[in-house]
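**Q**
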Amino acid sequence: AQSVAQPEDQVNVAEGNPLTVKCTYSVSGNPYLFWYVQYPNRGLQFLLKYITGDNLVKGSYGFEAEFNKSQTSFHLKKPSALVSDSALYFCALEEGAGSYQLTFGKGTKLSVIP
Amino acid sequence: NAGVTQTPKFQVLKTGQSMTLQCAQDMNHEYMSWYRQDPGMGLRLIHYSVGAGITDQGEVPNGYNVSRSTTEDFPLRLLSAAPSQTSVYFCASSRLAGGAGEQYFGPGTRLTVT
Chain A
1 AQSVAQPEDQ
11 VNVAEGNPLT
21 VKCTYSVSGN
31 PYLFWYVQYP
41 NRGLQFLLKY
51 ITGDNLVKGS
61 YGFEAEFNKS
71 QTSFHLKKPS
81 ALVSDSALYF
91 CALEEGAGSY
101 QLTFGKGTKL
111 SVIP
Chain B
1001 NAGVTQTPKF
1011 QVLKTGQSMT
1021 LQCAQDMNHE
1031 YMSWYRQDPG
1041 MGLRLIHYSV
1051 GAGITDQGEV
1061 PNGYNVSRST
1071 TEDFPLRLLS
1081 AAPSQTSVYF
1091 CASSRLAGGA
1101 GEQYFGPGTR
1111 LTVT
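Note that the protein sequences, when read in sequence, are chains A and B. Residues in the first sequence are numbered consecutively from 1, following this note's numbering. Residues in the second sequence are numbered consecutively from 1001, following this note's numbering.
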C-alpha cells in the first residue's frame, strides 16, 4: 500500500532564510507526487507536481521540490521565506497512471518568523 | 468560473440525523472526490468519481454515500450521523482522472455531530 510521511509536524524559519519541508513516500510503482498548501479556514491549493523528467520541479510562489528516487523523498524548498508563506503544507502521492486515489501526508505547519 | 463550491459552510447535526453535503464544479472536470480532514490525520479520501454514473470507495467510505448523476454535481450523503463524523469535509475536482491532474478544492464544510 502506498503511504506518505511528513516527519515534522511543525517547521519554524526566520523570514529571509531558506526553508525545507520534508516528505518521504512508499509506493510499488512510479509515483506522481504533489505539494498542496492550506491557509487558515481555506481549502487546499496546488503548488507543484512531479510526474517524470527533471528531478527539480518549480511551482507557484517561488517554491520548488526535488524528487529523489533513491531516497524516496520529495522535499519542498524555497530560497527565501516570507511571512505570508506561513501555512499548512501537504505532500500527496498518486500511484502512477490509472490510479484514482490521492494519498496525503499528515501535513506540516510552517511558521515564518518576522 | 466559480471553481468548486460547497454548501453549507457549517452544519451541526444530532446523532442519527441524515444530511447531504453539496458540491458543484463548473470546470467540466471528469474526476471529483470527497475528503475529510481531521487534526493530525491529513486528508483521507471518502469516495470518488471518474465521471457521471461512476463512483467508487476511497479509504474511509463507511457511513457515507455518493452519487454522480451529472458532471457538475457530486453530493455526499451522511446516512445516520455519528460523533466520529465530526470533521471538515472537502470536495475536489480534477480534469485528469488517474492522470496526475492537479486537484481543485472547495472551501470546505465544517460538520459537528453532537
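Ideal Cβ positions, reconstructed from N, Cα and C, are used throughout, including at glycine.
Give the DSSP bridge partners of Ile1054 of chain B, in chain order.
**A** Ile1054 of chain B pairs with B:Gly1051.
**Q** Nearest-angstrom Cα distance between Thr1015 of chain B and Leu44 of chain A?
**A** Answer to the nearest angstrom: the Cα atoms are 29 Å apart.
**Q** Is any beta-carbon of chain B found at less than 8 Å from that of Gln101 of chain A?
**A** At least one chain B Cβ lies under 8 Å of Gln101 of chain A.
**Q** Give the residues from the segment 88-99 of chain A that approach chain B closer than 7 Å (Cβ to any Cβ), ordered along the chain.
**A** The segment 88-99 of chain A vs chain B, Cβ under 7 Å: Phe90, Glu94, Ala97, Gly98, Ser99.
**Q** Could you tell me the boundaries of the beta strand (DSSP E) in which Asn12 of chain A lies?
**A** 10-14 is the span of the beta strand (DSSP E), which, as asked, contains Asn12 of chain A.
**Q** Can you look up Gly1042 of chain B in the DSSP assignment and give me helix, strand or coil?
**A** If DSSP states are grouped into helix, strand and coil, Gly1042 of chain B belongs with the strands.
**Q** Just the Cα atoms here: how many angstroms apart are Glu1030 of chain B and Pro114 of chain A?
**A** Going from the Cα of Glu1030 of chain B to the Cα of Pro114 of chain A covers about 43 Å.
**Q** Between the segment 21-39 of chain A and the segment 1002-1017 of chain B, can you find at least three pairs of beta-carbon atoms closer than 8 Å?
**A** Touching, no, given that fewer than three Cβ pairs across the two stretches are closer than 8 Å.
**Q** Can you tell which of B:Pro1039, B:Val1066, B:Pro1061 has its C-alpha closest to the C-alpha of Leu1021 of chain B?
**A** Measuring from the Cα of Leu1021 of chain B, the nearest candidate turns out to be B:Val1066.
**Q** Quick check: does the Cβ of His75 of chain A come within less than 7 Å of any heavy atom belonging to the ligand MN?
**A** The ligand content of the structure shown is nil, which means the ligand MN is not present either.
**Q** Taking the alpha carbon of Gly107 of chain A as the reference point, which residue from A:His75, A:Gly62, A:Ser99 has its own alpha carbon closest?
**A** With distances taken between Cα atoms, Gly107 of chain A lies closest to A:His75.
**Q** Is it true that the segment 1050-1065 of chain B meets the segment 1081-1100 of chain B, where meeting means three or more beta-carbon pairs spaced less than 8 Å apart?
**A** These segments touch.
**Q** Chain A beta carbons: is any one of them nearer than 8 Å to that of Val1050 of chain B?
**A** It does; some Cβ of chain A falls within 8 Å.
**Q** Hey, quick one: how far does the beta strand (DSSP E) through Cys1023 of chain B stretch, first residue to last?
**A** Residues 1019-1025.
**Q** Can you grab the Cα-Cα spacing for the pair Ser1049 of chain B / Leu1013 of chain B, in whole Å?
**A** Taking the straight line from one Cα to the other gives about 26 Å.
**Q** What is the C-beta distance between Gly1042 of chain B and Phe90 of chain A, in whole angstroms, given that I count them as a contact (C-beta under 8 Å)?
**A** Indeed, because the Cβ distance is near 6 Å, the residues count as touching under 8 Å.
**Q** Would you say Gly107 of chain A lies against chain B (beta-carbon separation less than 8 Å)?
**A** With 8 Å as the cut-off, Gly107 of chain A counts as an interface residue toward chain B.
**Q** Cα-Cα, which of A:Phe46, A:Asn68, A:Val37, A:Tyr39 is closest to Thr52 of chain A?
**A** Checked all of A:Phe46, A:Asn68, A:Val37, A:Tyr39; the closest Cα to Thr52 of chain A is A:Asn68.
**Q** Name the two residues that bound the continuous beta strand (DSSP E) containing Cys1091 of chain B.
**A** It spans 1087-1094 - the beta strand (DSSP E) in which Cys1091 of chain B sits, taken as one unbroken run.
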